[in-house]
Amino acid sequence: MKRRNDSQAERVDSIVDPGRRRLLKAAGLGLGSMSLAGAGIIASTPARALATNARIVIVGAGAAGLATANRLSSALDGASITLIDRRERHLYQPGLTLIATGLWKAGTVIDSNQRYVPRNVDWIHASVSEFDPDVNQVVTDTGQRVDYDYLVVTTGLHLDFDAIEGMNPELIGREGIGCVYDNPENASRTWEMVDRYTTQGGVGLFTRGPGGIKCAGAPLKVTMLTEDLAQRRGTRDRLQMIYNSPSAGLFSQPDMDQFLKEEFPRRDIDINWHHRLIGIEPEQHRATFDTPDGPVRLDYDFIHVVPPMRAPDALGNSPLAWQEGGFADDGNWMEVDRHSMQHPRYPNVFGAGDCVGTPIGKTAASVKAQVPVAVENLVSVIAGAEPMARYDGYTSCPLITSRGQAILVEFDYNLDMVPSFPFISPYREHWVPWIMKDKFLKAAYNAMLRGRV
Amino acid sequence: MAFSIFGIFAVLLEFIRPFLPVFVAVIIIELVLLAVAMRKSGLSSTLGALKSTMPIGVIGFIAGLLFAPWLTGASHGNLAGILDWLSLVGASAGLGVVAMLLVWPPLALLRRPTA
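Shown next, in the form of structure tokens:
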């Protein structure tokens, strides 16, 4: 049989099966569009990268540091970007409460910084031991001096277990002591304690560190999930649960504060106001709280310890920290303009994440909102323009009230609720925010690390 | 906090990233099966096979309604208000559609060509 040529074949095909060609064309267009979108995501570049030979140093490869590195890598053409952090491991810290209450396995939160460091960023595997902004230099713990034109500080914070007499991290997982912060090993050992407590019962003391802490919702979530677990196990009547707040409130956002002040008594969780944990005697299972009436000692079978938190010493003892005022007293936090994320005394320095002293916002959601502002303003400064981007204090806490339900709390500096999804009420428990927390927020976090959201 | 379309795609990409090889392999296999089916039986027969998958879609939808909360570590008792119930229905409908699309190419291949 004589073989038809290609153009003849095409004509025949279109006559014989015109629908087939239209379907294939549509499928091709669809796939092409998806591929372009996917390629745009995988290899995203800004419309115009700023040409510069600026030397930029980023201190800290946590959420804020990696997101900053990726965004700057895209936004600048020719810059020398250096990331300084000793840690190889990257931890998805918002997942720690789920590990501590038995809902996730420890491995779920463990990742590698290497996966997120852009190729054109130099990574110094060391810690910064000294900030010297007067000469635009940082010094690492290996003695290396690194000069910069611009500095972004994203060190995270330090857990001050030493501020609680008798406490050290080695005690977590022993003598009924738990602490969800700030690594999966602590969280896993805390789960062992929660598991035992909700089986055997007794007195459970739940604490909250004074001042600024990261994920201020975590102590509350651990409390509520522990209570929920006891309910589901049918052991709730064996437990006496007491939440010890160092202040007169449970949450900074007033509506949530009111909700929790009603919810805790409804669930038979007692509240001690103005009780700040200052000491622990592990073998006696006894905790000491500072109160307006003097020290109070309480016996426990389980205690969830939340230590005070502060900026790492290298930052807190540097000129970059607040020198006076509440943020200095609270934790020697880094001084930044709360809206521009720029240092007011060193305009070539920016900060983001847990280390900055702002009224609210030590959460991953705050990082997601702060980093684009810090990067945009840094790029403006490099370009010689005024930094115009503003951070409004956005923070978020998917407040898990029980397994299967959460309230998606989002608010700003004014403590006004600012829901991202108008159809999800920030005043009510729902299944959907639980799914977001349990299934999707880690994906959003990873996209943030890559600088894509 | 606003989310762009690219931002939503970026999050979805991160969500499926751990399963991306399997996801891509399944799509490729399905497309190959579909192409072979169309070549063997023609477009109308192939499209006709899609109708035959509707019972599978219904089973997928019902399975979603029954088991989706459990799969998320929750229970039906956790569903509160229109938001949650509509989400359950929507997710179950999506599950039904996915089940139909997965079964469609092999079913189309096994189907006898229509005259």
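Residue numbers (the working numbering), protein chains in the order written: chain B, 95 to 547; chain P, 1041 to 1155. Note that the Cβ used here is the ideal one computed from N, Cα and C, for glycine as well.
Under a CB-based cut-off of 8 Å, is residue i close to chain B?
| i | result |
| --- | --- |
| P:P1061 | no |
| P:V1129 | no |
| P:G1134 | no |
| P:T1112 | yes |
| P:A1065 | no |
| P:P1145 | no |
| P:F1107 | no |
| P:V1051 | yes |
| P:F1043 | yes |
| P:E1070 | no |
| P:S1081 | no |
| P:S1085 | no |
Beta-carbon of residue i versus every beta-carbon of chain P: anything under 8 Å?
| i | result |
| --- | --- |
| B:V547 | yes |
| B:G498 | yes |
| B:K533 | yes |
| B:V203 | no |
| B:V503 | no |
| B:G285 | Checking the sequence shown, residue 285 of chain B turns out to be Trp, not Gly. Answer no: the Cβ-Cβ gap between B:W285 and chain P never drops below 8 Å. |
| B:A163 | no |
| B:L197 | yes |
| B:V222 | no |
| B:D384 | no |
| B:V467 | no |
Leaving out five residues before and five after residue i in sequence, what residues of the same chain have Cβ atoms less than 8 Å from its Cβ?
| i | result |
| --- | --- |
| B:A200 | I193, P278, E279, A281 and S282 |
| B:W525 | G498 and Q499 |
| B:R116 | With a pLDDT of 44 at B:R116, under the threshold of 50, the modelled position of this residue cannot be trusted; read the value that follows with caution. So no residue of the chain qualifies. |
| B:S206 | E182, R183 and H184 |
| P:V1129 | L1105 |
For residue i, count the other beta carbons within 10 Å of its own beta carbon; 16 or more makes it buried, fewer makes it exposed. Which is it?
| i | result |
| --- | --- |
| B:R432 | buried |
| B:Y521 | exposed |
| B:G311 | buried |
| B:M482 | exposed |
| P:I1067 | exposed |
| P:A1065 | exposed |
| B:K533 | exposed |
| B:Q238 | exposed |
| B:T489 | buried |
| B:V465 | buried |
| B:G328 | exposed |
| B:K531 | buried |
| B:L265 | buried |
Residue i: which of the options sits nearest, CA to CA?
| i | options | result |
| --- | --- | --- |
| B:A155 | B:T385, B:Q378 and B:V222 | B:V222 |
| B:N442 | B:V229, B:P401 and B:D254 | B:V229 |
| P:V1143 | P:S1085, P:S1081, P:G1097 and P:F1055 | P:G1097 |
| B:G172 | B:I150, B:G296 and B:L253 | B:I150 |
| B:W285 | B:E480, B:Y507, B:I178 and B:F396 | B:F396 |
| B:S412 | B:R404, B:R180 and B:N426 | B:N426 |
| B:S152 | B:T457, B:A169, B:H398 and B:I175 | Reading the sequence as shown, one finds Ile at residue 152 of chain B and not Ser. Taking only the C-alpha atoms, the option nearest B:I152 is B:I175. |
| P:A1133 | P:H1116, P:I1045, P:L1123 and P:G1104 | P:G1104 |
| B:I518 | P:S1127, P:M1094 and P:P1109 | P:S1127 |
| B:E321 | B:G373, B:M511, B:A479 and B:R290 | B:R290 |
To which residues does DSSP link residue i through a beta bridge?
| i | result |
| --- | --- |
| B:L333 | B:G296 |
| B:I193 | Bridge partners of B:I193: none, in fact. |
| B:V232 | B:F225 and B:V240 |
| B:E375 | B:R380 |
| B:N366 | B:N338 |
| B:A77 | The shown model of chain B, from 95 to 547, leaves out residue 77 of chain B, and the question about it has no answer. |
| P:V1076 | Partner(s): none; P:V1076 has no beta bridge. |
| B:H252 | B:R404 |
Counting only beta-carbon separations shorter than 8 Å, does residue i have a partner in chain D?
| i | result |
| --- | --- |
| B:R522 | Among the protein chains in the structure shown, which are B and P, there is no chain D. |
Apart from the five residues just before and just after residue i, which ones in its own chain have a Cβ nearer than 6 Å to its Cβ?
| i | result |
| --- | --- |
| B:V547 | A541 |
| B:G407 | Per the sequence presented here, residue 407 of chain B reads as Asp, with Gly not at that position. So no residue of the chain qualifies. |
Leaving aside the five residues before and after residue i along the sequence, list all residues of the same chain whose C-beta is less than 7 Å from its C-beta, in chain order.
| i | result |
| --- | --- |
| B:D486 | D506 and Y507 |
| B:L509 | S346, Q347 and P348 |
| B:V110 | Reliability of the predicted coordinates at B:V110 is poor, the pLDDT of 35 falling under 50, and no value is obtained from them. |
| B:P527 | P492, A500, I501, L502 and I518 |
| B:D254 | P401, P402, M403 and R404 |
Compute the minimum distance between the beta carbon of residue i and the heavy atoms of the ligand COA, and state whether it is under 7 Å.
| i | result |
| --- | --- |
| B:H433 | As for the ligand COA, it is missing from this structure, which has no ligand bound. |
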